[in-house]
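Number of protein chains: 2
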Amino acid sequence: MAVDTSLSERKLIILKAIIQNYLETGEPVGSRTLSKYTELNLSSATIRNEMADLEDLGYIFQPHTSAGRIPSDQGYRLYVDMLMEEKEQEITQRENAMLEKADKVEKVLQQAAKVLASNTNYATMVSAPINSRNTLKFIQLSQVDEEQIVAVIVLGGNVIKNKIIEVGETLSNENLLKLNMLLNTTLNGMSIDQITLGLIARLKEQAGIHSEVVEHVLDAVAEIIHVEDDMKIYTSGATNIFKYPELSDKQSAQEIISAFEEKQQLADLVTETLASENSHGIQVYIGHEAPVKTMKDCSVVTATYELGEGMKGTIGIIGPKRMDYEHVMKTLKTLQSELDAIYNKNPKE
Amino acid sequence: MAVDTSLSERKLIILKAIIQNYLETGEPVGSRTLSKYTELNLSSATIRNEMADLEDLGYIFQPHTSAGRIPSDQGYRLYVDMLMEEKEQEITQRENAMLEKADKVEKVLQQAAKVLASNTNYATMVSAPINSRNTLKFIQLSQVDEEQIVAVIVLGGNVIKNKIIEVGETLSNENLLKLNMLLNTTLNGMSIDQITLGLIARLKEQAGIHSEVVEHVLDAVAEIIHVEDDMKIYTSGATNIFKYPELSDKQSAQEIISAFEEKQQLADLVTETLASENSHGIQVYIGHEAPVKTMKDCSVVTATYELGEGMKGTIGIIGPKRMDYEHVMKTLKTLQSELDAIYNKNPKE
DNA sequence: TATTAGCACTCCCTTGTTTTGAGTGCTAAC
DNA sequence: GTTAGCACTCAAAACAAGGGAGTGCTAATA
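Chains as they are written, first to last, in my numbering: chain A, 13 to 361; chain B, 13 to 361.
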């Protein structure tokens, strides 16, 4: 993934210039423009020669004969890799991300998506961290009325799950107490994926109260714990894609916005990102590289954030291939640390 | 709102034919077409005369000279009013709305929106019922650890609210118990808007435990109860608008889809709908009639559903003016009763 | 008197043609 | 190695012409 050394310094400069110019204008860029744009002081003819080479090497191409050049996916890739290396030594400095503290995780993430979208003018998404490795801090069953019990479960990071359990017959107060004791002493501190069905079965026996109700309630508890909160994803600025002509023809717009509405595809994206994390915690998918076909004409930049204890989530930006990678990557890094700051200031036990 | 009697029977038939034809094709409809389409057996010339009249009266218009006619907002309005009257005597019969029972209100509503969208090919929204007149069924504070208390509140219709309350100093077990007793005995059965700040203040005194912690906790409880769950709105099929050329130019599409993403405008729509409810529980806003400017080129059809105890929510469909009003209204009615069936089968106390 | 046939007219849309201009590749000169 | 010059290409814009759907009006008809 390092910079391809087969390119001369000059070619690199020219390529970079082509890309940057194209990022700004969205138009194919020609040799004349470049000969002014760069500080190389080369004539357009020379540039043309170099461009011909770059085209042969696959970094740029012409949308049609006699048009200027446009960076190819490969060209973008090289460019982004260069950026990555430069950034490496830069100190990440905190910026004003305007993230207000909010007590509900949900709110924070939704707002994060919003801030990101308005900062970048691209479409954004933020996935809630996955709970499976989170640990149970507290569990309680309470009688609401004769036929209803409410179960409340608090996980690390103050994630709360709850559900009403409908019971046929009433559970006596003592039994409820017993059950609560049992649940808390047994499950407390365990991670979600440690709480297996086998464990629940054992609990049923240990409960010592042999009634259908208890079994039913325990089953319900297991369900609450395990029901994958189907990957909550918060999005914002989906309509930003209308700002980029290359994405806003009906067909593409329809597809991309659908993806944002349905969220299933975004979920796939998140899964993929979390699976193949790289050193920076930032990943860039250019065009076809993205794991979702809908994004084949977009670039997707994702960052992973961590709320401690292995609870990871993803922040993502979806925009045109000619996105401002530099700014985007910087903004993502900032947000990453903002989230860190918000959630890791309460030291985890 | 009754049928304008100044229109002859024949004009009405022609207007209806124009509209129905336009609903199907989306193209301006001309006199020739009509002379075949209607069972009136009139020549195109006669039809032309009638159309000229209808145009003078403002029910139809030409997008340009020598084009066919298109219904105006006023024309649609008349048409819809006619439909309403016809439907009046029809028996609403249950259809297969495929709504699965789900225990979380949230899920049900999201699914309702989805079903609706796929049934109609329009963009849809469903607002969660507003809680302010809902009653409190159960409240409980539990100690999670030294510094955290989780508050759980169950409202009618099994709506659950919760929040972690951070406390500086630990609250003793007995005090927590006392507090729970007090809260339950006092607040149980009260509606949200009955629980005023004054009441909370009185509770603080009654608690008899004079400590900052108790005050803080009670304040937090009040906040949880009152924090307007900022009108949750579930949407689906926003991208359906791409199916209608008259709405899918960049400008309009951008605006409409934004409205669906931001949801604020939809919330306004809901508020308006709930405020001015009419006899059928179904309302139709045509073009400029909608309380939101974004929808000026759309028609919005809304229905109000009730979960008992004054908890009302709204179902809405947003599409082109040439939407299939008949089908839409029927579908809405069906869904309305589906929701009724799901939520009012557990008889409310 | 209401309906219809006929006709001239309007104007959008489609299709085809021309022009323009940005950009290229190549070659020959510097 | 670099550059000026030139012929060439091709997309997009500008223009022109024809077709066609639809209209309004008038005069004939039932």
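We put the beta carbon where it would ideally sit given N, CA and C, even for glycine.
Model, not experiment: these values are computed from the prediction.
Shorter than 9 Å from the beta carbon of residue i to some beta carbon of chain A?
i: residue 237(B); result: no
i: residue 234(B); result: no
i: residue 198(B); result: no
i: residue 250(B); result: yes
i: residue 73(B); result: no
i: residue 247(B); result: yes
i: residue 353(B); result: no
Are the C-beta atoms of residue i and some chain B residue less than 9 Å apart?
i: residue 154(A); result: yes
i: residue 132(A); result: no
i: residue 184(A); result: no
i: residue 86(A); result: no
i: residue 338(A); result: no
i: residue 68(A); result: no
i: residue 59(A); result: no
i: residue 204(A); result: no
i: residue 114(A); result: Residue confidence is low: residue 114(A) scores 49 on pLDDT, short of 50, so the model does not pin down where it sits. Its coordinate-derived value is still stated next. Not closer than 9 Å to any Cβ of chain B, the Cβ of residue 114(A) fails to qualify, so no.
i: residue 101(A); result: Unreliable placement is indicated for residue 101(A), whose pLDDT of 49 sits below 50; the coordinate value is still reported in the next sentence. No, its Cβ sits nowhere closer than 9 Å to a Cβ of chain B.
i: residue 110(A); result: Note on residue 110(A): pLDDT 49, under 50, position unreliable in the model; no value is reported.
i: residue 106(A); result: Confidence at residue 106(A) is low in this model, with a pLDDT of 41, below 50, so its placement is unreliable and no value can be given for it.
Can you pull the chain B residues whose beta carbon is under 8 Å from the beta carbon of residue i, in chain order?
i: residue 190(A); result: Result: empty, since nearest Cβ-Cβ is about 16 Å, beyond 8 Å.
i: residue 157(A); result: 149 and 150
i: residue 329(A); result: Those within 8 Å of residue 329(A) in chain B number zero; the least Cβ separation is about 16 Å.
i: residue 254(A); result: 262, 265 and 266
Which residues does DSSP list as the beta-bridge partners of residue i?
i: residue 160(A); result: 157(A) and 178(A)
i: residue 147(B); result: 203(B)
i: residue 123(A); result: Residue 123(A) pairs with nothing; no bridge assigned.
i: residue 173(B); result: 165(B)
i: residue 297(A); result: 312(A)
i: residue 152(B); result: 164(B)
i: residue 137(A); result: 247(A) and 328(A)
i: residue 82(A); result: 73(A)
How would you list, in chain order, the residues of chain B whose beta-carbon sits under 9 Å from the beta-carbon of residue i?
i: residue 275(A); result: In chain order: nothing, as chain B lies at least about 11 Å away.
i: residue 164(A); result: 152, 154, 162, 164, 172 and 174
Would you say the beta carbon of residue i is closer than 8 Å to some non-hydrogen atom of the ligand GTP?
i: residue 31(B); result: This structure lacks the ligand GTP; in fact it carries no ligand of any kind.
Under 8 Å Cβ-Cβ, which residues of chain A neighbour residue i?
i: residue 223(B); result: Neighbours of residue 223(B) on chain A: none; closest Cβ ~22 Å, over 8 Å.
i: residue 269(B); result: 250, 251 and 269
Mind the definition here: the region 329-337 of chain A touches the region 297-311 of chain A only if three or more C-beta pairs lie below 8 Å; say whether that holds. A contact exists between the region 329-337 of chain A and the region 297-311 of chain A.
Whether or not the region 147-165 of chain B and the region 148-158 of chain A are in contact is what I'm after, with contact meaning three or more pairs of Cβ atoms, one per stretch, closer than 8 Å; do they touch? Under the Cβ criterion (8 Å, minimum of three pairs), the region 148-158 of chain A counts as touching the region 147-165 of chain B.
3 or more residues per run - each beta strand (DSSP E) lying fully within the region 312-341 of chain A: Counting only runs of 3+ residues, the beta strand (DSSP E) found wholly inside the region 312-341 of chain A occupies 324-332, in chain order.
Restricting to runs no shorter than 3 residues, where is the beta strand (DSSP E) found entirely within the region 221-245 of chain A? Listed in chain order, there is nothing to give.
Does the region 28-42 of chain A come close enough to the region 69-88 of chain A to have 3 or more Cβ pairs within less than 8 Å? Between the region 28-42 of chain A and the region 69-88 of chain A, the count of Cβ pairs shorter than 8 Å is three or higher; the stretches touch.
Which ranges would you report for the beta strand (DSSP E) in the region 31-74 of chain B if only whole runs of at least 3 residues count? Along the length of the region 31-74 of chain B, whole beta strand (DSSP E) runs at least 3 residues long do not occur.
Check whether the region 191-208 of chain A touches the region 183-200 of chain B, counting contact only when three or more Cβ pairs, one atom from each stretch, lie closer than 8 Å. Judged by Cβ distances under 8 Å, the region 191-208 of chain A makes no contact with the region 183-200 of chain B, as fewer than three pairs qualify.
Would the region 243-257 of chain A count as touching the region 125-141 of chain A if we require 3 or more Cβ pairs under 8 Å? Using a C-beta cut-off of 8 Å, the region 243-257 of chain A makes contact with the region 125-141 of chain A, since at least three inter-stretch Cβ pairs fall below that distance.
At least three beta-carbon pairs within less than 8 Å, the region 223-230 of chain A to the region 166-182 of chain A: These segments touch.
The region 280-287 of chain B contacting the region 66-75 of chain B, beta-carbon criterion three pairs below 8 Å: Judged by Cβ distances under 8 Å, the region 280-287 of chain B makes no contact with the region 66-75 of chain B, as fewer than three pairs qualify.
Stretch-stretch touch, CB-based, cutoff 8 Å, three pairs: the region 43-53 of chain A with the region 296-303 of chain A: No contact exists between the region 43-53 of chain A and the region 296-303 of chain A.
Assess contact between the region 119-133 of chain A and the region 115-133 of chain B, defined as three or more Cβ pairs (one per stretch) separated by less than 8 Å. Is contact present? The region 119-133 of chain A is not in contact with the region 115-133 of chain B.
Count the CB pairs spanning the region 158-168 of chain B and the region 205-213 of chain B that are closer than 8 Å, and state whether there are at least three. Counting Cβ pairs under 8 Å, fewer than three are found: no touch.
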